[in-house]
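Report on the structure given below.
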Amino acid sequence: MSTASLMDRAISTWFKPVGIEDIIDKLNYLWTASLIGFFSLLVFTMQYGGSPIHCIVPSEHYFSMKQVVESYCYISSTYAVPLEKDIPRETSEREQTQINYFRWVPFMLLLQAFCFHIPSWLWNWLHDHSGIDLIFLTEDAKNLRGLMSEDRKALVKKLSNYMLERLGIGEQHLAPIRIFCFKGHHGSFMVVAYHIVKACYVVNAYLQLHCIKKFLGANDTFWATQV
495 MSTASLMDRA
505 ISTWFKPVGI
515 EDIIDKLNYL
525 WTASLIGFFS
535 LLVFTMQYGG
545 SPIHCIVPSE
555 HYFSMKQVVE
565 SYCYISSTYA
575 VPLEKDIPRE
585 TSEREQTQIN
595 YFRWVPFMLL
605 LQAFCFHIPS
615 WLWNWLHDHS
625 GIDLIFLTED
635 AKNLRGLMSE
645 DRKALVKKLS
655 NYMLERLGIG
665 EQHLAPIRIF
675 CFKGHHGSFM
685 VVAYHIVKAC
695 YVVNAYLQLH
705 CIKKFLGAND
715 TFWATQV
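Be aware that the sequence shown starts at 495, since it is given in my numbering, and climbs by one per residue.
Below, the structure written as structure tokens:
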């Protein structure tokens, strides 16, 4: 089996949706992660296969010095100077506005895309170990709309019996996994797991905003509104 086939199988397995996600889940782990991953690949291609930086080179030495100057600028510390200000002469002034993050942008974007998948992977893992087949419940519940009386009653009875058994009504069925000290049954386990995963999405979004601010060296929380 070729390497491309193995990678395709691995990606399709890791990122395959369970089928029980809502629009917020897909916005995080699918659309946002895919968009960030696309820009990571784009920046990576330009950075290592194209021209990651452009420098002003005297016209008389343009072709002979351009590549050397741009390579030197790329691996050296870079500092920002507003157009309306003069270039600072003191080294200490230049160090205050140094830009060191641009070489790490594609890797940072790739890490962000990975982090947006973590809550989804956690949800899939918790669902697989919960003892409740939510896919079975949701698919059969959808099928109820297209059934007539007798078939509808039979399916409703089937679903109700399954829920009574899984939710531990009549006798107690402990969930296979206990979250910390929480001794829950199957139904309670899924409720707790659902809220934990939703909290992970919120925490992930907040931490990523905070990390971006630190990564870019911004001091103001609302720095993006000033760009």
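Cβ atoms here follow ideal geometry from the backbone N, Cα and C, with glycine treated the same way.
- Task: Check each candidate in F683, D645, V599, A693 and name the one with the smallest Cα separation from F756.
- Result: The requested residue 756 is not part of the displayed model; the chain covers only 495 to 721.
- Please determine, among F630, M642, W615, the residue with the shortest C-alpha to C-alpha distance to S654. F630
- Span separating the alpha-carbon of L710 from that of N698: 18 Å
- Message: S571 and Q592 - do their beta-carbons sit closer together than 8 Å?
- Response: yes
- Task: For Y566, count neighbouring C-beta atoms within 10 Å of its own C-beta (all shown protein chains included) and say buried if the count is 16 or more, exposed if not.
- Result: exposed
- Query: Which residues in the same chain have their Cβ closer than 8 Å to the Cβ of A687, if we skip the five residues on either side of it in sequence?
  - Reply: W617, L620, H621, S624, I673
- Sort L521, D516, G544, C705 by Cα distance to L605 and report the nearest one. C705
- Task: Check I593 in the structure and name its three-state DSSP category.
- Result: strand
- Determine which residues share a DSSP beta bridge with Y573 and list them. Q592
- Query: Nearest-angstrom Cα distance between I514 and Y700?
  - Reply: 24 Å
- Query: How far does the alpha helix (DSSP H) with P600 in it reach, from first residue to last?
  - Reply: 599 to 622
- Query: When you compare only the Cα positions, how much space is there between E584 and Y573?
  - Reply: 12 Å
- Query: Excluding the five sequence neighbours on either side, which residues of its own chain have a C-beta within less than 7 Å of the C-beta of V563, listed in chain order?
  - Reply: C549, V551
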